[in-house]
Amino acid sequence: MSAEPTPRREVVTGEPRRVRPLPRYRTQSEIDEQTALGGAYVRSLMRGQLRAGLTAFTVVAVVVATLPLVFEALHSSALVWVVLGFAAYPPLTLIAWWYVRRAERNERDFARLVEGRPTP
12 MSAEPTPRRE VVTGEPRRVR PLPRYRTQSE IDEQTALGGA YVRSLMRGQL RAGLTAFTVV
72 AVVVATLPLV FEALHSSALV WVVLGFAAYP PLTLIAWWYV RRAERNERDF ARLVEGRPTP
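For what it's worth, my numbering labels the leading residue of the sequence shown as 12, then goes sequentially.
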């Protein structure tokens, strides 16, 4: 047998010499760089938000526009006050609730698109 010793292994640890940048999503960089594609993404978000706002406004306008017809049909000032004091608020609250849910869903879908996550 040979009397040669086996070479000793040494492990060198230290800071990495080069730091890799975090991966950026292509969609996010398109928006940040304000390219035509990024502008299209932002316009689609704004179009969705505008559509939700105009829909909520139209429903509120229809509800408010029909109130004089309801008052004329009631022929009672007590019932008019009941409609104004109580019956008008639940539809307005439901419209506001729908609008907030729709706006948040639009933003969530846009964020999912920018981050590159698949739709559930």
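Cβ coordinates follow ideal geometry from the N, Cα and C atoms, glycine included.
Among Thr-17, Ser-40, Glu-21, which one has its Cα closest to the Cα of Gly-127? If you compare the alpha carbons of Thr-17, Ser-40, Glu-21 with that of Gly-127, the shortest gap goes to Ser-40.
Compare the beta carbon distance of Val-70 and Ile-42 with 7 Å and say whether it is the shorter of the two. Not in contact: Val-70 and Ile-42 (Cβ atoms no closer than 7 Å).
Going by C-alpha to C-alpha distance, which of Leu-78, Gln-45, Thr-17, Ala-67 sits closest to Ala-99? Nearest C-alpha to Ala-99: Leu-78.
Are three or more beta carbon pairs between the segment 18-30 and the segment 81-94 nearer than 8 Å? No, they do not touch.
Which residue wins for smallest C-alpha separation from Thr-66, given the options Arg-119, Arg-113, Glu-118, Phe-97? Comparing alpha carbon positions, the residue from Arg-119, Arg-113, Glu-118, Phe-97 closest to Thr-66 is Arg-113.
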